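Asker: Same order as they appear, the protein sequences are chains F and L. Here the working numbering is used: position 180 in the first sequence is 910, and no number is missing along the way. Here the working numbering is used: position 338 in the second sequence is 334, and no number is missing along the way. This structure is in structure tokens; I'll ask about it shortly.
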Amino acid sequence: MSSSRAVNPWIRRSADPTLDRIMVTPEGVPLNVTIASAGARAGALLLDLVFIQIISTVIALLCLTLAFFFVAGGADFLDMDGPLGFVGIFYFIANFLLLNGYFIYFELGDRSATWGKRLVGIRVASRDGSRLTAEAIIARNIVRSVELFLPLTFLGSAGAGGMSVDLTTWAGFLWVLMFLLFPLFNKDRLRGGDVIAGTWVIQNVKKNLGDIVAPSAARISADGSPVAARYHFSDAELSVYGEYELQTLENVLRSDQEEALEKVATSICQKIGWEPGSGDERAFLEAYYTALRARLERSMKFGKRRKDKFAPHE
Amino acid sequence: MSTEQALSAAVLRSDRFRLEREADWIRLEDIVSKMEKGKNGRLSDEDVLALPTLYRTLLSSLSIARENSLDAGLIDYLEGLSLRSYFLVYGTQSSFGRWFAGFFGGGWSRAVRAIQLDIWIALSVMIAGAVIGYILVAGDSDWFYALVPGGFSEVRVPGATEEALRGTLFGTEDSDGLGVFAAFLFSNNAQVAILAFALGFAFAIPSILLLIHNMALLGAMLWVFAQRGLTVDFIGWLSIHGTTELFAILLAGAAGIHVGRSMAFPGARSHLKAASDAGKRAALVMAGVIIMLVCAGLLEGFARQLIDNSAGRFGVGGGMLLLWLVYFIGFGRERRRPGA
């Protein structure tokens, strides 16, 4: 089940921590997931509606072309049992399948996402971490007809009929708003269909495996000794920082920008009372990072963790 | 630098941990990326077989890394890859054909039996609706125009002659375009059924109102025909497709009531859990409802116009009803299987 407790409490994972959740796999390992924001959902939906519109236009054009050829070929325009009737049947069935089948077909696939969702980078998943079943997909998309297509039809007919703005119109408008805005009123951004199907929509993650953060620490320098051996940090010099600062240092080393390296090296030197040298910032930072991480990981083994430089020593 | 050299040179234990295992991770990432792009065909058999093992190894690596490593980039990577492979290992996975076979082989009828109570509720609501419609119009025939939307029929109104009404029931001269008509009826009815289900989300009340309204319309129509002594013929005209169509609408309404009822009275479970359990069961019923409506559309479009006597219509309608009942009541009963 979901909870808002993060697995690793000190790793910042996403822009909006209120959307971070835990999903426990059947093996019992908690995984961090991030709920798709309402904006992403709306964007994906708009894209899907555009795709549906395009496909529906293609179907209509296809039917018109077929009908045109049949009429040109001498088919009676009013004979509905002839080839024109076939075109009519095809049109009705194709449109029904498109409106009701588009979302179901794509969400049943390996990526559990429609074209719009893929472009936005989100997908459907089962809320309790179990397998996403075909029933769940069908359930969440059948409800869509009330949430979306019914309001759209309603608005369309109200607009086309030039209906005066009376009580019914307002009631209908409220109905539209209630379902459309439903995701905004719960913390998991569930829409009606998600509630019924036991699903939610989460962000896709794609992270690359970076290099070892500080490879040079082990490298042998010209004089035959390890680079790291050039720097020795005392316990006191390493105890000024915690995991938060280690992570910041990791980011600086990974991004590898000259100015940032210099700036961080200077501020560390000030903090531990060293004389900042120049030209060798990267080697210094990698050595300090390695030593700091070794120290923090060692105490981690004994169950002691230090959040940041403000945390007291145990 | 080879892996062994890198291993012996790595200063940090957690880096050694990573170097020992990263080949497996990269292999898994490669498999996962191919599967996500839908290129399953390009995977070797060994890769497909290795996926579950690699996935479980990855999960244990992640658990160890969380406890032992402060390399945030590495943990982020393992988290992301775990989630991606989790979705493939526990994906929807059933192919459409297999799902369909399981659906007809008992999944559907079991789901229908599971919402039995709601079917009885929906049935009584529908009967009540028809009776209300009949009584209202019998009391004051102006009610007919309130219940039946304008343009629904110009001929079938209170006070119409017997010949005019009979003409709407029997008559083969305009059998043109039956197929188109059937297709249109199907997509129209299917949308109504989907609506009846989806409205259950609002605690089932709109579903019930929709059932009552539709059946009141039917009751009103029945009164018009009954006034001219055409009750039996009207029911025959209706039953050829109506047994299937009304049954489908009954199931759709029952599915909606099932969801609404579970949300209003979840029992010991949480509201969300109750709603999703009920929703999945009801979705199976709904998939079947669509299939029933395809049958009803075909019967309405073709069989009704082609079979022009009440006896034949009762025969077909009754036969269909019997077929559905036998399937729902008798099919897919759980047999006690060893270990099941």
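Using N, Cα and C, we set each Cβ at its ideal position, and we do this for glycine too. It should be emphasised that the depicted structure is a prediction, and the values quoted were computed from it without experimental measurement.
(1) Where does residue 1041(F) land, buried or exposed, given buried means 16+ other C-beta within 10 angstroms?
(2) Which residue or residues does DSSP assign as beta-bridge partners of residue 753(F)?
(3) Just how far apart, CA to CA, sit residue 190(L) and residue 17(L)?
(4) Kindly provide the ranges of any alpha helix (DSSP H) runs that are 4 or more residues long and lie completely inside the segment 231 to 301 of chain L, ordered along the chain.
(5) Less than 8 angstroms between C-beta atoms, sequence neighbours within five positions excluded: which residues of the same chain meet that for residue 300(L)?
(6) Ordered along the chain, which non-local residues of its own chain (more than five positions away) have a Cβ less than 7 angstroms from that of residue 168(L)?
(7) Out of 268(L), 15(L), 25(L) and 255(L), which has the shortest C-alpha to C-alpha gap to residue 274(L)?
(8) For residue 307(L), is the classification buried or exposed, using 16 other Cβ atoms within 10 angstroms of its Cβ as the cut-off for buried?
(9) Looking at the unbroken beta strand (DSSP E) that takes in residue 867(F), where does it start and where does it end?
(10) Note down, in chain order, every chain F residue with its Cβ under 7 angstroms from the Cβ of residue 325(L).
(11) For my contact list, residue 872(F) and residue 828(F) are in at a C-beta cut-off of 8 angstroms; report their separation, rounded to the angstrom.
(12) Would you list, in chain order, the members of the segment 19 to 32 of chain L that have their beta-carbon closer than 8 angstroms to a beta-carbon of chain F?
(13) With a threshold of 16 other CB atoms inside 10 Å of the CB of residue 325(L), please say whether the residue is buried or exposed.
(14) Relative to chain F, which residues along the segment 72 to 98 of chain L have a C-beta separation below 8 angstroms, given in chain order?
(15) Can you give me, in chain order, the residues of the segment 27 to 61 of chain L that have a beta carbon less than 7 angstroms from any beta carbon in chain F?
(16) Excluding the 5 residues flanking residue 29(L) on each side, which residues of the same chain have their C-beta closer than 7 angstroms to its C-beta?
(17) Under 8 angstroms, Cβ to Cβ, is there at least one residue of chain F near residue 255(L)?
(18) Exposed or buried, what is residue 748(F) when buried is set at 16 or more other beta-carbons lying within 10 Å of its beta-carbon?
(19) With 8 angstroms as the threshold, decide whether the Cβ of residue 875(F) is near any Cβ in chain L.
(20) Mind checking if residue 310(L) is an interface residue toward chain F, Cβ cutoff 8 angstroms exclusive?
(21) For the putative contact between residue 1037(F) and residue 980(F), defined by C-beta atoms under 8 angstroms, what is the C-beta separation to the nearest angstrom?
(22) Ordered along the chain, which non-local residues of its own chain (more than five positions away) have a Cβ less than 7 angstroms from that of residue 292(L)?
(23) Please list the residues of the segment 103 to 130 of chain L that have a C-beta atom closer than 9 angstroms to any C-beta atom in chain F, keeping them in chain order.
(24) If you draw a straight line from the C-alpha of residue 784(F) to the C-alpha of residue 118(L), how long is it?
(25) Are residue 834(F) and residue 789(F) touching if we call contact CB-CB under 8 angstroms?
(26) In the DSSP assignment, what are the bridge partners of residue 933(F)?
(27) Below 8 angstroms between beta carbons: does that hold for residue 128(L) and residue 215(L)?
(28) Hey, quick one: how far does the alpha helix (DSSP H) through residue 100(L) stretch, first residue to last?
(29) Any idea if residue 794(F) is buried or exposed, counting beta-carbon neighbours within 10 angstroms, 16 or more meaning buried?
(30) Quick check: the segment 844 to 860 of chain F against the segment 765 to 776 of chain F, are at least 3 beta-carbon pairs closer than 8 angstroms?
(31) Just to confirm, is the Cβ distance from residue 75(L) to residue 939(F) under 8 angstroms?
(32) Work out the CA separation of residue 913(F) and residue 121(L) for me, nearest whole Å.
(33) Where does residue 893(F) land, buried or exposed, given buried means 16+ other C-beta within 10 angstroms?
(34) At a Cβ cut of 8 angstroms, what residues of the segment 180 to 197 of chain L count as close to chain F, listed as they run along the chain?
(35) Pick out whichever of 80(L), 313(L), 263(L) and 210(L) has its Cα sitting closest to the Cα of residue 229(L).
(36) Along the chain, where does the alpha helix (DSSP H) containing residue 58(L) start, and where does it finish?
Answerer: This is what the structure gives:
(1) exposed
(2) 761(F)
(3) 51 angstroms
(4) 267 to 294
(5) 233, 236, 237 and 309
(6) Only weak support exists for where residue 168(L) lies, its pLDDT of 49 falling under 50; the value from the coordinates is given anyway. If we look at residue 168(L) and ignore the five residues flanking it on each side, its Cβ neighbours are 301 and 304.
(7) 255(L)
(8) exposed
(9) Careful: residue 867(F) lies outside any beta strand (DSSP E), inside the alpha helix (DSSP H) at 864 to 872.
(10) Those do not exist, as residue 325(L) stays about 22 angstroms from chain F at its closest Cβ, beyond 7 angstroms.
(11) With a Cβ gap of about 15 angstroms, residue 872(F) and residue 828(F) do not count as contacting.
(12) 21, 22, 25, 31 and 32
(13) exposed
(14) 72, 73, 75, 76, 77, 78, 79, 80, 82, 83, 84, 86, 87, 88, 89, 90, 92 and 95
(15) 31, 32, 34, 52, 55, 58 and 59
(16) none
(17) yes
(18) exposed
(19) yes
(20) no
(21) Not quite, the Cβ-Cβ distance comes to about 15 angstroms (not below 8 angstroms), so this is no contact.
(22) 185, 237, 240, 241 and 244
(23) 103 and 107
(24) 39 angstroms
(25) no
(26) 852(F)
(27) yes
(28) Counting along the chain, residue 100(L) falls outside any alpha helix (DSSP H), and DSSP gives it neither H nor E.
(29) exposed
(30) yes
(31) no
(32) 32 angstroms
(33) The predicted model places residue 893(F) with a pLDDT of 49, which falls under 50 and marks its position as unreliable; any figure quoted below should be read in that light. Label assigned to residue 893(F): exposed.
(34) 180, 182, 183, 186, 187, 190, 191, 193, 194, 195 and 197
(35) 313(L)
(36) 41 to 64
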